[in-house]
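Residue 18 in my numbering sits at position 16 of the sequence shown, and the numbers go up by one each step. Everything below concerns the one structure shown next.
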Amino acid sequence: MATDPTDQDADPTRIRVIVVHADDVVTALEARERGGRRTVLRVTPPFSGRMRARLHDAAATASGPATNDRDSGAFSAGAVHVDPRSLVVDPPPYPDPDETEDRLRDRGAYDVETHRERHAAAVADWRDAVRDRIAETVAIEITAEARSRTHEVRVSALGTSSEERGGF
3 MATDPTDQDA DPTRIRVIVV HADDVVTALE ARERGGRRTV LRVTPPFSGR MRARLHDAAA
63 TASGPATNDR DSGAFSAGAV HVDPRSLVVD PPPYPDPDET EDRLRDRGAY DVETHRERHA
123 AAVADWRDAV RDRIAETVAI EITAEARSRT HEVRVSALGT SSEERGGF
């Protein structure tokens with residue numbers, strides 16, 4: 003009996019490697035840290051051995067029915083959502099603007115412009131640290147037929163070096 007290729011293409015266990023852009027991981031993690039948004043990296047079927055995981059606001063598809071519009075990027079039926087926290091090894095805490103202010107006040111060096119500059123620098127350092135800590139593997143959660151399991155895949159990260167990000 004022949005196997006329906008669409009069934010096979012919908013099987014996330016076919017995935018061996020997910021490719022992520024470091025900036026997407028940073029953006030997703032920062033959105034979660036700053037505003038509690040349910041931002042993920044999403045992999046959509048048809049699945050193959052090497053898949054690109056793209057930045058996605060999971061709340062956008064969670065509130066509505068599964069869609070099948072690949073052209074608009076709204077395809078969600080059977081998609082795998084990867085939590086950005088699982089893609090970062092020991093993520094550093096996100097800089098708190100109040101802590102930045104407290105440190106400046108303790109030194110007697112507080113003014114609004116210095117606070118803004120120091121906090122912006124702390125966030126930039128945090129982003130660099132996250133880029134440098136992208137995991138080599140991740141366990142993706144697969145839910146099928148009312149049961150959940152995980153599937154370990156390798157992670158290939160793009161844009162992790164300063165040269166790839168436009169630096170020198």
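Heads up, the beta-carbon is just placed ideally off N, CA and C, and yes, glycines get one too. Fair warning: this is a prediction, and the values are worked out from it, not measured in the lab.
- Contact check for residue 135 and residue 92: beta-carbon distance about 6 Å, within the 8 Å limit, so the pair qualifies.
- Within 10 angstroms of the beta-carbon of residue 127 lie fewer than 16 other beta-carbons, which makes it exposed.
- Going by DSSP, residue 132 is part of no beta strand (DSSP E) but of the alpha helix (DSSP H) stretching over 114-134.
- Non-local C-beta neighbours of residue 31 in its own chain, meaning closer than 7 Å and more than five positions away in sequence, comprise 86, 87, 90, 93, 132, ordered along the chain.
- In terms of CA proximity to residue 152, 141 leads the group 55, 26, 141, 51.
- If you draw a 10 Å sphere on the C-beta of residue 114, you find fewer than 16 other C-beta atoms in it, and that means exposed.
- Put simply, the backbone Cα of residue 58 is about 38 Å away from that of residue 112.
- In the DSSP secondary-structure assignment, residue 59 is bridged to 41.
- For residue 32, the three-state secondary structure derived from DSSP is helix.
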